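In the order they appear, the protein sequences are chains A, B, C, D, E and F.
Be aware that the first sequence starts at 1, since it is given in the UniProt record's numbering, and climbs by one per residue.
Be aware that the second sequence starts at 1, since it is given in the UniProt record's numbering, and climbs by one per residue.
Be aware that the third sequence starts at 1, since it is given in the UniProt record's numbering, and climbs by one per residue.
Be aware that the fourth sequence starts at 1, since it is given in the UniProt record's numbering, and climbs by one per residue.
Be aware that the fifth sequence starts at 1, since it is given in the UniProt record's numbering, and climbs by one per residue.
Be aware that the sixth sequence starts at 1, since it is given in the UniProt record's numbering, and climbs by one per residue.
Number of protein chains: 6
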Amino acid sequence: MIHGTHNAIEDSRNNDILISINDQLFPRNDAKISVFDSGYLVGDGIWEALRLHHGVLVFLDDHFNRLWTSAASVGMHLPFSKEELTAKVMQTLKANKMTDGVHVRIMVTRGIKKTPSQDPRLTISGPNVVIIPEYKTASKDSKEKGITLFTSTIRRGSPDYLDPRLNCHSKLHEVQALIQAIQAGADEALMLDIHGFVSTCNATNFFIVNKGEVWTSTSKYCMNGITRAKVIEVCNTSNKN
Amino acid sequence: MIHGTHNAIEDSRNNDILISINDQLFPRNDAKISVFDSGYLVGDGIWEALRLHHGVLVFLDDHFNRLWTSAASVGMHLPFSKEELTAKVMQTLKANKMTDGVHVRIMVTRGIKKTPSQDPRLTISGPNVVIIPEYKTASKDSKEKGITLFTSTIRRGSPDYLDPRLNCHSKLHEVQALIQAIQAGADEALMLDIHGFVSTCNATNFFIVNKGEVWTSTSKYCMNGITRAKVIEVCNTSNKN
Amino acid sequence: MIHGTHNAIEDSRNNDILISINDQLFPRNDAKISVFDSGYLVGDGIWEALRLHHGVLVFLDDHFNRLWTSAASVGMHLPFSKEELTAKVMQTLKANKMTDGVHVRIMVTRGIKKTPSQDPRLTISGPNVVIIPEYKTASKDSKEKGITLFTSTIRRGSPDYLDPRLNCHSKLHEVQALIQAIQAGADEALMLDIHGFVSTCNATNFFIVNKGEVWTSTSKYCMNGITRAKVIEVCNTSNKN
Amino acid sequence: MIHGTHNAIEDSRNNDILISINDQLFPRNDAKISVFDSGYLVGDGIWEALRLHHGVLVFLDDHFNRLWTSAASVGMHLPFSKEELTAKVMQTLKANKMTDGVHVRIMVTRGIKKTPSQDPRLTISGPNVVIIPEYKTASKDSKEKGITLFTSTIRRGSPDYLDPRLNCHSKLHEVQALIQAIQAGADEALMLDIHGFVSTCNATNFFIVNKGEVWTSTSKYCMNGITRAKVIEVCNTSNKN
Amino acid sequence: MIHGTHNAIEDSRNNDILISINDQLFPRNDAKISVFDSGYLVGDGIWEALRLHHGVLVFLDDHFNRLWTSAASVGMHLPFSKEELTAKVMQTLKANKMTDGVHVRIMVTRGIKKTPSQDPRLTISGPNVVIIPEYKTASKDSKEKGITLFTSTIRRGSPDYLDPRLNCHSKLHEVQALIQAIQAGADEALMLDIHGFVSTCNATNFFIVNKGEVWTSTSKYCMNGITRAKVIEVCNTSNKN
Amino acid sequence: MIHGTHNAIEDSRNNDILISINDQLFPRNDAKISVFDSGYLVGDGIWEALRLHHGVLVFLDDHFNRLWTSAASVGMHLPFSKEELTAKVMQTLKANKMTDGVHVRIMVTRGIKKTPSQDPRLTISGPNVVIIPEYKTASKDSKEKGITLFTSTIRRGSPDYLDPRLNCHSKLHEVQALIQAIQAGADEALMLDIHGFVSTCNATNFFIVNKGEVWTSTSKYCMNGITRAKVIEVCNTSNKN
């Protein structure tokens, strides 16, 4: 079993989940998308991942604000409101009879292309919306045993390239960073920013607790994390008291 | 109709093509891939595009050498030989009765993931191979009318980030560059390297002919183009004579 | 009429203003400087722009402190005191009978050169001081209609080149940035810093109000603006209360 | 007397030269330009300097090609042909009865501004053309005694800022580099590129002769010098023989 | 006599000090280390300098924490505890009968190499510990006369090269910066960071007092100074009151 | 036994070598240098390593030219001629009765410091010259088994920091790169330049032979290697024939 910050306990219920693709529900093995989808062809899509906890979609507003900001920054018009997207998610959860301990991945790609191409003008459908809900309970392993990190030679880039703060479908460089870590025998990759300062792990933001202080990197080169923002908020509040 | 370097004449035969997905053939509208495919989820895949000209797959060796190099650089093991991949392509072309004027896109993604994640350890299948062959005859428009370029603020990054020389499924930043160009009324984007020097167009390498000299950028920040290499080779040979 | 942050209402009184050149007053059309002036030849000069409001030169101390700092950073000795320069300005305003709604541009160049050259050793006069006072009332257009910005590919440089914080006569790159914006149909240019982060507009500092928060860039790559400093001061004060 | 690469022998004939400003001739002391000229206000202009040698304007085509390229890169339309500009220069030389040993500086600024501003839309005249011809015979001092160089902390920037290859009126940073050199007791400044490699002197391109080899910097961060190109051409030719 | 921030009054007692090398005491002239020592061969060692004031080793904990952090960052295992190292220092001071006004330099190199090489695997001893205690009373000169600084072209690098925050035996570039300053007639070098912002002096951190405010650089490119941290702490405390 | 490009066969004769320190000869264990030596204290020294092959010091001129260039670039005056230094080396070899298969390390540090300091003004002796001759026959292992490389996160810096082309005593960052490689289970470190391109191994220049072509990095960020230059010369010559 892999070992990392995203460790989850094996849960056989996930074999039978229903996945929503443009509002239609499919069993896991039938959940497919056109090979002309822009996300598949050129990583042209954005996504959010959030948790369902005791019936509540945690920090839903923050996630949807970020999704709409991401859409703006990649020039994608979302042809539905936040309420409508919430309804899609709720409908998917309902169909799966899920109420707790669920991780929901919402993916929005630009749509079906006429031919394999980067060109957004060749998109012949509206955005494709895929919602994958899965039962995920964090394994205690990561907390108990800790994880090992390997500093990758793959860096977090500047925002004038592929903005490293963007939650998108183009993440091959992060996969490469993780592969370096795995090949070196570590669990996850620690990534440096363009100047060589520590920025983030490949798939999780990075914090150090040093003598009672919580340290993290500047936000300039890491994922614009919602949990990250909450941690910082809690630390600041706690610091003042 | 869009106007750019990849302009192709509309060809109705493309409506009826068969697409190969892991050696099975599907009509265009049924050609689908799992939403757990690594290419769809995180742009984790590599591809080549080549032409069938009078029955010959042009520069096939160069394309396959580059594909195998790409696979190595993203840590993907290809469980087939170059001969076997050639056979897959030929079989697809044969099924489509195609012999000339065809553009073949070969896409190899890491495979099906157990759950949406960057983590290559969570891949539960071998690589997925998709082959899309389409009739494409270059429109004369681009040559006759020329195209307009817009210099994008999106840059070509360093190789220590997402290597800009890599032919892969993570190309959202190139889409962003092109969107800037389109919004500014141009046909394609001209992209600068990290130092602000001209590097390449978003989807085509860039050459200038200036008073009988052919100029192009350094190869450090642009696609490692096969046509590009051939043009340079021709220019060098011609220069010596 | 152009549309931008510096929009001013047309004011016919400006046709008849007197301009001070080294303490002599000239009508607008006769206000001329030697073609051997260092400012004209190589942009070798510094300037300030301030407002006369109800008889008061607003933030005069801040402007003069900045002017003297600018002079030091370009190695120019100012052969007059702040009081003497104030007297020059007051004398110019008095000659123009101006008491309110006036924008005063004070320009100090290194002086007359013996021959066209960068070389400060070839300066054969003391600094040339030009004072242009004009009636300027901000047009309501900018506020009411807003302005459109275009992100330029021209960047704010590092302080080890031409320091982007310096209020000087060498601003061709900012003109270039604005020209890009105009050609793209926008009103002004938004400029990025060397790392691709938003820094400033070409001729005005940049602020965003986002959900009640005022955001601006780091001060490292933008004009060392006096209004900017006042805005930040007001925001900080307001934040604490 | 200053000592540097541009050393010229004192020549009293220069006291009586006629300078051309928009085709009108003025004695040196009366040669003046509006304080609303874009070159004076914001360094918004371009120039060339060439020599009259035995009645010939040396490398005239190269200089004018560069001037027109500079104009294009700063978005300035030149409302005259190369032939017309040649005529202006010849007329000026004729009025001065100059036939040999003359250095001609041709300066073209965007024009008169309505008010002090960067904004090209506020230009209310066509370009201003100033031609200054002076007798200049290189002093033998530089060759005989050599000159001393000081490495400045002011760098040559990237082309995405103020392009260091551009022959323009915004050169304050080069003045600053030279001032550092002078203050340190040297004759001229040696300037490094953005990576710290030697690029050029502040006002002259830089060559080293080392054991019979001629070395110079990459052309990326130094003035796009015509003499430089000729030197390189000569070296290449000589190398092949 | 040299003049700089480290000026000390000549003290003849220093002629007779005893120096500790791996717990053995040697007179100054006999204090020698193998030419196979890693510090001598390739600057492979770390050090601390602290003061003995009225019998107290000032900020000892801070210095030793930093030493252990330095050791970790260069992959050196220290085979003694902080208490044991304190004992070594105290023993040295005792042997010298020193109780006040003493500057103690503690140097720990990786050890003796089998042959001249960078390779830590060729180290055939444990770390070498050298302790040099000297009487040093700051000369009043620096405070009274001030010192002159020269801005060096040698920069503070990124932490992905030789980390400029590290207190180590590889300091040749800082020597080079100082040599530039001395050659230019100054007392010490002011060094810029990779972006051209002021960072630090070559051997002392840099502070400016400007109108009652204390300014210093970001900590990213300067020595991780203990005195620096104390000054900032005092300023922050004082600011709040 | 360590395994790397510098592998040498164990040779017991090296136990009894005589080492020259400022022209005096010492057995290996008595070969010591003052702890006030600038090389030991702050890595302030330069060195060369060359081979004695059949009585000839191979490429001696190249090595000494480089040594004198290094001395100039660190502001060190060498108080002896190349002939005198050759004599010192020959005398050392003679004393050791060495005639073949010898690796000679010549180290020149700035000299003895009055007190531990970077300051060259505190040097109270001339340069210290240490010559270590050792029998070294390359182990066949490296050639037969190859070595494994690990790409380090420690980069080759720009020449405006500690020039990576300099053969000097400050090499801690290269030690750090190698330690990363060792910890990851590799033999040596591959180091990238500031832009993320492959530059060099930590202690050996890097070449790839790819389909009959020899590839190496630009010379900008790697050791200015004499063997490297010879390899390139041989390749160029061979290419023309």
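A virtual CB, placed ideally from N, CA and C, is assigned to each residue, including glycine.
Source: prediction; values computed, not measured.
*Just the Cα atoms here: how many angstroms apart are residue 170/A and residue 172/B?*
6 Å
*What residues from the segment 182–200 of chain F come within 7 Å of chain B, judged by C-beta to C-beta, listed N to C?*
192, 195, 196, 197
*Taking residue 152/E as the reference, give the member of 191/D, 139/D, 148/D with the closest Cα.*
191/D
_Stretch pair the segment 50–66 of chain F + the segment 88–102 of chain F: three plus CB contacts closer than 8 Å_ = yes
*Roughly how many angstroms lie between the CA atoms of residue 38/B and residue 154/E, to the nearest whole one?*
46 Å
*Which stretch, first to last residue, makes up the beta strand (DSSP E) that contains residue 165/D?*
First-last for residue 165/D: undefined, no H or E at that position.
*Of the residues that make up the segment 148–169 of chain E, which ones have a beta carbon closer than 7 Å to any beta carbon in chain A?*
158, 159, 160
*Establish whether the CB of residue 134/E and some CB of chain F are separated by less than 8 Å.*
yes
*Quick one, are the C-beta atoms of residue 167/E and residue 46/E less than 8 Å apart?*
yes
*Would you mind sorting residue 223/A into buried or exposed? The rule is 16 or more other CB atoms within 10 Å of its CB.*
buried
*Enumerate in chain order the residues of its own chain whose CB-to-CB distance from residue 84/E is below 8 Å, with the five nearest sequence positions on each side excluded.*
none
*In chain order, what residues of the same chain lie with their CB nearer than 7 Å to the CB of residue 41/A, ignoring the 5 residues before and after it?*
113, 116
_Identified DSSP bridge partners for residue 210/C_ = 213/C
_Opening and closing residue of the beta strand (DSSP E) in which residue 83/E lies_ = From DSSP, residue 83/E is part of no beta strand (DSSP E) but of the alpha helix (DSSP H) over 82–95.
*Going straight from the alpha carbon of residue 186/E to that of residue 229/F, what length do you get?*
39 Å
*asked:* Let me check one thing: in DSSP terms, what residues is residue 150/B bridge-paired to?
replied: 189/B
*Might you give, ordered along the chain, the residues of its own chain that have their beta carbon closer than 8 Å to the beta carbon of residue 126/E, omitting 5 neighbours on each side?*
79, 111
_For the alpha helix (DSSP H) containing residue 183/A, name the first residue and the last one._
172–183
*Note the first and the last residue of the continuous beta strand (DSSP E) segment covering residue 242/B.*
Nothing about residue 242/B can be read from this structure; chain B reaches only from 1 to 241.
*asked:* Within a Cβ cutoff of 8 Å, which residues of the same chain sit near residue 215/A, ignoring the five residues on either side of it in sequence?
replied: 207, 208, 209
_Beta-carbon proximity of residue 33/B to residue 220/A, cut-off 8 Å_ = no
*Would residue 7/A be called buried (16 or more neighbouring beta carbons within 10 Å of its own) or exposed?*
buried
_Given a cut-off of 8 Å on the beta-carbon distance, is the pair residue 147/B and residue 3/B in contact?_
yes
*Are the C-beta of residue 203/C and some C-beta of chain D separated by less than 8 Å?*
yes
_Residues that residue 220/A contacts on chain B, provided the C-beta gap is smaller than 7 Å_ = Under the 7 Å cutoff, chain B gives no residues; its nearest Cβ is about 14 Å from residue 220/A.
*Alpha carbon to alpha carbon, what distance is there between residue 156/E and residue 193/E?*
5 Å
*How should residue 72/B be labelled, buried or exposed, when 16 other C-beta atoms within 10 angstroms of its C-beta is the threshold for buried?*
exposed
*Start and end of the alpha helix (DSSP H) containing residue 144/E?*
140–145
*Could you name the residues of the same chain whose beta carbon sits closer than 6 Å to that of residue 36/C, not counting the 5 residues immediately before and after it, in chain order?*
112, 113
*asked:* So, at 6 Å on beta carbons, what are the nonlocal neighbours of residue 95/C in its own chain, with the 5 sequence-adjacent residues on each side left out?
replied: 18, 25
*Beta-bridge pairing of residue 50/B - partner residues as DSSP gives them*: 104/B
*For residue 130/E, which residues in chain F fall below 8 Å Cβ to Cβ?*
35
*asked:* Per the DSSP calculation, residue 235/A is bridged to which residue(s)?
replied: DSSP, once it has assigned bridges, lists no residue as partnering residue 235/A.
*asked:* Looking at the secondary structure, which residues open and close the beta strand (DSSP E) in which residue 135/F lies?
replied: 128–135
*Range covered by the alpha helix (DSSP H) that runs through residue 42/D*: 38–42
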